[in-house]
Structures are given as C-alpha cells and as structure tokens.
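Encoded as structure tokens, the structure appears first; notes follow it.
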Amino acid sequence: MNNVFQIAYWIPLLPLIGFLINGLGRKQLSKSLIGIIGSGVVLGAFALSIAVFLQVKSGNTAALHYFDFIKVGNLSIPFEFKIDQLTSLFLLIITGVGFLIHVYSTAYMHEEKTEHFGRYFAYLNLFIFSMLLLVLGGNFVVMFIGWEGVGLCSYLLIGFWFKNQEYNKAANKAFIMNRIGDLAFLIALFWMAAKLDSVSFDTVFSQASLAKLSSLDITVITLLLFVGATGKSAQIPLFTWLPDAMAGPTPVSALIHAATMVTAGIYMIARSNALYSLAHLTNDVIMYIGLATAILAATIALKQNDIKKVLAYSTVSQLGFMFLALGTGAYTAAVFHVMTHAFFKALMFLGSGSVIHAMGGEQDIRKMGGLGKKLKWTFFTFGVGCVAIAGIPPFSGFFSKDAILLSAFQKNPALYVVALFAALLTAFYMFRLLFITFTGKFRGSHEQEHHLHESPPAMLLPLIILAVLSIVGGLVGIPDVIMHGGDKLGAFLSPVIPVHEGHHVEASTEYMLMGISTGLVLVMIIAAMYIYKNFTPTETKGFGKVLENKWYVDELYDRVIVKPLHWFAGFLNNIFERVIIDGLVNGVGKLVNYGGRQMRLLQSGQTGTYVLLMVVSMVIIFALQFFLRKG
Amino acid sequence: MPINLYILLAVVLFCIGVVGVLTRRNAIIIFMCIELMLNAVNLLLVAFSKMHNYAMMKEGIATGGSDGQLFVFFIMVVAAAEVSVGLAIIVMMYRNVHSVDINFLNRLKH
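First to last, the protein sequences are chains A and B.
Read left to right, the first sequence gives residues 252 to 882 (the working numbering).
Read left to right, the second sequence gives residues 193 to 302 (the working numbering).
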C-alpha cells in the first residue's frame, strides 16, 4: 500500500470540509475568504488527484476498505473506495475542470450578497464532493450515495435563484426526472444484491459471479442501470431536464455539463463494462437511444436562440454520442469523449457566461452580434471550443469523435452515416451560434453596447486554460493508424476496459472516413458562415418552428404524463380523499355518535327498568344456555 | 319426601321474589323480596345437600355430602350482615327524600 492511497480519502473530504465551512459560515465570512476556501479545497483535491494519478500511472491500483457500512445476514456492504485507471482519470477531470469553474465563479458571482455567495460555494463544493464519491466508490452503494448527492446538488444549484418561480420549476423538473432514473438504478442494485449477495465492483465483475447470473438477470440489471444513466446523463426519454437546468448560474451549467453530473451515467456504464459486454440486447438499446438522442438534440439546437440552450442541447447531443460509443462497445472512446467534451463544453459555457456577463444578463443571441470586437479573448477561446467540438484536426474533439464514429462504422456503416449526420449538425449549429453572437452588427440596445466589456482576469484565465486543453487534450488518444502507440489513453485504461475488438478496418478506409468527416465539417462551417455572418432575426416558419419548439417534446410530456397525473391527483383529492377516506373516517365518528345517542335512552334512571332489563337478560341467557347446550 | 317438592317450593319462592322486585316500588318490600330469592336458593342448597347425604350414607360414609348444610349457615350470617347494611341505606334514603319509593332514586341519571 502506498502513502498516496492512504490519504486518498482526503480527495472527497476536502470539498466536504469546504462545504461545511462555507455553508455554516456564509454569514460571517467575507466574500474573498469564501472564494479562497471554496476554490482552495478543490485545488487541494486536484493536487491529491494528480498524485494519485501518477501513482496509478506507474501501475499501482488500490482497493481501500474503510468500515462496514451495511451488514445484514449474507449481505455485507463495506464503505470502500476503488482507485484504478478509470477512477483516477475522472478524478482529474472533476477536480481540474471543477477548480477552474470555482475560480471563474468567484468573479462571475461577485454581485451576489455575501450570504448567497457563501451558499453558492457551499453547494458547489458539495457537488464536487458527491461526484468524487461517485467515482471513488468501490461498490454500487457508495456510488449510489454520490449519485443521489449530485442529483440533490443539481436541484439546489438550478434553483439557486429560488425567488423566481420558473427556476424552481426547472429545479423540480431536474430532480424528479433524476429520481425516475434513480429508482431504476436502485432496483438494479437490489436485484444484484439478491442474486450475488454483494454489490462490490470486484465481486460483481468477477468471472465467478458473472457466471452465476442468467442472461435474463444481466439484461434486466444492465437495462435498469441504463435507465438510471438516461436520467443522470440526459438521454431520451429523460433528457428534457438538462436544457431547463439553464435556470442556474452559468458556471453551474458548466459544472453540470462538463465535470460532474451528466458524466456520471457514462462513468457508471464504463465501470460496469464487464456486465454490459455480456448484454447484447442492452447494448443495442443503448446504441439506438444514444443515436436518436444525438440527432434529436442536434436538430433542436439548430433553431434555439438562447445562447445557453444551444449549448445545453449540444451537450445532450454529445452525450448521445458517448452512449452510442458505449453501445457499440467502445468504452474507451466514450471515456475519451467525456474528457475532451469536459474541456470544450466547460470552455464554451464559461465563455457564454462571459458574454452574458458583458451583456448585463441578456441571453438571447438575436440581440447580440458583433461582440467579437469588444470581447476579443472570449471570442477567441469560444472559437477554439467551437472548432474543437466540430472536430477539426488536431483539436481534441476530432480525435474523440473520430474514435466514436469509427466504432459506429465497425458496427454498421449505416450507423456511421447517421452519426456523421449528427456530427455535421453539431458543427453547423455551433458555428451558427459563434457567427450570430460574435460577428455582424450589434443588435442590442445602446446601453448594452456602452456596457460591453471584457471579463476580469479571474474569468479569462480559466477560459484560456480550457482553450489550451481543448486544443491539445485530444493528443492522448491519437489513433494507431496515424501514430503507432499514439492511443495512450486506451493503453492507460486497458486494465479496466479491455481493448475493444471490432471488425478490423483497413488503414486506408480509416483515413478515408477521417477525410470525409473533416471535409464535410468544413463545408458545414463555411455554410454556417455564409448564412449567419450578417444575421438578421426573422420569423421562423414551417419545420423550423417545430425545431424551435424542441419537437414539442415538453408539450408531449405535459399532455401524456403531467396532465393525466394532475387529473389523477385531482381525482384522488376530490373523489377518493373527500368521499371515500373522509366518508370512512367521518362515518365511524357519526356511527359512534348516533349509537351513543340511542343507547342513552336506555339509561332512564328508573331502578325498576334496570332490574327488569337485568332479569330479562338473565332469563334469555339461561334459555340460550338451556337450548343451545351441546350434547 | 321426594326432592321435586323442595325444588318446586324453591322455584315458587324465587319467582315470588322476582315478581316482587319487578313490580313493587317500596324499597323495603323489594328488599324483602330479594331476601326471599336468597332464601329460595338456600333452601335448594339444603335440599340437595341432604339428598347427597342420603346417597353417601348408603355407601357407609355417615357425614358425607353435608357440606351444603354447613354452607347455608355461613350464607345466613353473611345475609344478616348485608341486611343490616341494606336497611341502613334505606333509613338514610328515607331521611333524605322522606320516602322509600325507588322511583325517587333517579339522581344517577343527571
């Protein structure tokens, strides 16, 4: 056992301490102190994560057993951590990107009152803590604690400005949608515990226990876990909460979309790859759901006018890509895309925060335009993010997206075509956003134009760091055809995720696929530039209207689920509660009352009556005794 | 004398007592009727006891089955004590309401 692993529990503990200090002292501490504590604990966790990563990289992994958490009969669930290649990678993403977002927040949230500023950082720390617990957990129960924790924190942060009723609704939506997924996760957990008497990763994924499970068990467990992942990672049908999660402060969106929360589902499935590689039906389901989500969200993003909504649907679409990769068995590609996506999506969200900050809270891109001249750094970094997500080599998005597209091609060329279509849409809507926002003429009010200013260094620095990461982040996963042994990430993760064996693809084919995707993406970018460079807002008609209204999915859910549920609740309230339950309870009372009033008449006060009654009753009892006697 | 006659007498006495209790309103008469019922039962006890005694004597046990007769003496003693208490209550009642009519005793109702 190595020293670094012995203090590994400080990684989640530090943010927890930060949460406690900031949460309890939010009225006493000053803003700068809160900012320093909030960011400092995450920086500490990041430093420890680097140490752990280096240790893991040299080949050591650890299973840390802290105490018995639940011990009932045969079932024993310890509180344990498991630190291996996958965990250490996620630790770096969470704490690293999380730290940058914390630093950014100190400037972005500076207008808030001290009390709310402290509350904000407390939630942020708790969020990081939950996510760290999720990836560190050595069994499904510890993972579930973190899983629930991020759900709670997302609720708290989305509803951060709780005085706005709409925001509260968005927070509720996120929480309830997540609960649906969590329930499925929980059932899968119980199923596992019932069949295997254990929920530890090491036990569950061992050959012996996998052999104990019938194929039905595996299919059901994996499907239920996947339903849990659809809730957390915003896939069809539980994706509508993520775009509404824009109600929270912008850095929170960056945190939810990049470092924490939505990656939980990907992590969980990548972690359970031993189970999933045995469940072919589930894999197909994941693949098609991922693909459908990627397309659906990408089409919606084409017509959104809220800068954060475009990014949100882009996240949903990119998550769809990751699930597509998981479904085709390319777990490494999915994890790779999580990493690169964390860089450029955090970058773009923070960039959009910088834009919103400059615009004085305006989020509608139709009222922006020409911001590139005033916000040079924001424009530049945002542009880097767009290029990265579009997939132009050698930016990070190219490598990870290419890995996913390749895995789709290996599975089925038709899949590749559809996935490529979604990727092209991605390039198109991202550059539409870029051009509408940063080029052309300014379309806002004069006051806003006067107000325009570049953001302070605390906001720009994270942007620049993330931009650099977005450029070079992909170089850890260069495909073998370009550079032999370039796929360092795949090699690093190979102890956790066995190397994916797909149909072998000729090097020339692979080059051709890369060429096609890059070329078409460039065409899309030029098209977007041509259409949106000098954008003037016009009324959308026809099909565009459907896209603008998000395929009416929210309306559909409202009709099919929410309204009937309300109706049913109304029925229960008005009919069942008022008539049946109240009737029963009141009826009992009334009966006793009535009975008492009737019985009262017997008590006449006349001794003679009492005696008579006594005698009559005795005679009756004797008579009954006499006639009903047995034998 | 056959036992039937004793039983018949006891039943008659008991019924007189019951009817008296039910129909009369004077507390003293009701009291006497209750005594009548009590003694009807005493009579039955003695009669059955004697019958039992005869049966045992035929088997050579001279004093067998005579417990009932002894028992009756105890009952009479207890009844005497109870009568004194009852009469005292009736006297108190008379002092309070100047009547021994039980229909005046309906205060418990209110």
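Using N, Cα and C, we set each Cβ at its ideal position, and we do this for glycine too.
Enclosing beta strand (DSSP E) for I328/A [first to last residue]: 326-334
Taking I616/A as the reference, give the member of F646/A, Q555/A, A639/A, L823/A with the closest Cα. Q555/A
Cβ of N295/B less than 8 angstroms from any chain A Cβ? yes
Does Q857/A come within less than 8 angstroms of chain B when only Cβ atoms are used? yes
Looking only at its chain, what residues have a beta carbon closer than 7 angstroms to the beta carbon of L685/A, apart from the 5 residues adjacent to it on each side? F633, G634, C637
Taking the beta carbon of P263/A as the centre, do at least 16 other beta carbons fall within 10 Å, making it buried, or is it exposed? buried
What residue range does the beta strand (DSSP E) around Y781/A cover? That residue, Y781/A, is in no beta strand (DSSP E); its alpha helix (DSSP H) goes 758-783.
Residue-chain proximity (L863/A, chain B), Cβ-Cβ < 8 angstroms: yes
Going by C-alpha distance, which of V870/A, T688/A, I776/A is nearest A641/A? I776/A
For S759/A, the nearest candidate out of D731/A, L740/A, V772/A (CA to CA): D731/A
Sort I226/B, G260/B, P194/B by Cα distance to L279/B and report the nearest one. Nearest option by C-alpha distance: I226/B.
Helix, strand or coil: how does DSSP classify G580/A here? Coil at G580/A, not helix or strand.
N234/B, DSSP secondary structure in three states: helix
Counting only runs that start and end within the stretch 793-829 of chain A, where is the alpha helix (DSSP H) found for 4 or more residues in a row? Whole alpha helix (DSSP H) segments, 4+ residues: 794-799, 804-808, 814-822.
Quick check on A314/A: does DSSP put it in helix, strand or coil? strand
Taking only the alpha-carbon atoms, compute the straight-line gap between I782/A and T629/A and give it to the nearest angstrom. 22 angstroms
8 angstroms is my cut-off, CB to CB: does V233/B come that close to chain A? no
Under the assumption that L383/A contacts P266/A (Cβ atoms under 8 angstroms), give the Cβ distance between them as a whole number of angstroms. 7 angstroms
Which listed residue (L526/A, Y371/A, S658/A, Y260/A) has its alpha carbon closest to that of S465/A: L526/A
V213/B versus chain A: which residues are under 7 angstroms apart at the beta carbon? Under the 7 angstroms cutoff, chain A gives V862.
According to DSSP, is D731/A helix, strand or coil? coil
C-beta contact flag for L375/A and S356/A at 8 angstroms: Cβ distance < 8 angstroms, so L375/A and S356/A count as in contact.
Helix, strand or coil: which one does DSSP assign to V292/B? Looking at V292/B - three-state DSSP - the assignment turns out to be coil, as it is neither helix nor strand.
Kindly indicate if chain A contains any beta-carbon less than 8 angstroms away from that of G289/B. First, the residue type needs correcting, since residue 289/B is Val and not Gly in the sequence shown. No, because no Cβ of chain A sits closer than 8 angstroms to the Cβ of V289/B.
Where does Q458/A land, buried or exposed, given buried means 16+ other C-beta within 10 angstroms? By the 10 Å Cβ count, Q458/A comes out exposed.
Strictly under 8 angstroms for the Cβ-Cβ distance: is V204/B near chain A by that measure? no
Limits of the alpha helix (DSSP H) - the one that Q458/A falls within: Segment 458-463, the alpha helix (DSSP H) holding Q458/A.
Is the shortest distance between the beta-carbon of V836/A and the beta-carbons of chain B less than 8 angstroms? no
If M573/A sits next to I517/A, beta carbons under 8 angstroms apart, how far is it from one beta carbon to the other, in whole angstroms? 5 angstroms
Measuring straight from C-alpha to C-alpha, what distance separates K662/A and T579/A? 7 angstroms
Taking the C-alpha atoms as reference points, what is the distance between G295/A and L798/A? 44 angstroms
Proximal chain A residues relative to V210/B, where beta-carbon distance stays under 8 angstroms: Within chain A, the residues near V210/B are V866.
Is F743/A a contact residue of the ligand PLP, with contact defined as CB to any heavy atom under 7 angstroms? Looking for the ligand PLP in the displayed structure turns up nothing, as the structure carries no ligands at all.
When the distance is taken between beta carbons, is I551/A closer than 8 angstroms to W802/A? yes
Extent of the continuous alpha helix (DSSP H) run through A521/A: Taken as a continuous stretch (DSSP letters only), the alpha helix (DSSP H) holding A521/A covers 513-522.
With a floor of 4 residues, list each alpha helix (DSSP H) that falls wholly inside the stretch 647-690 of chain A, ordered by position along the chain. 647-662, 664-689
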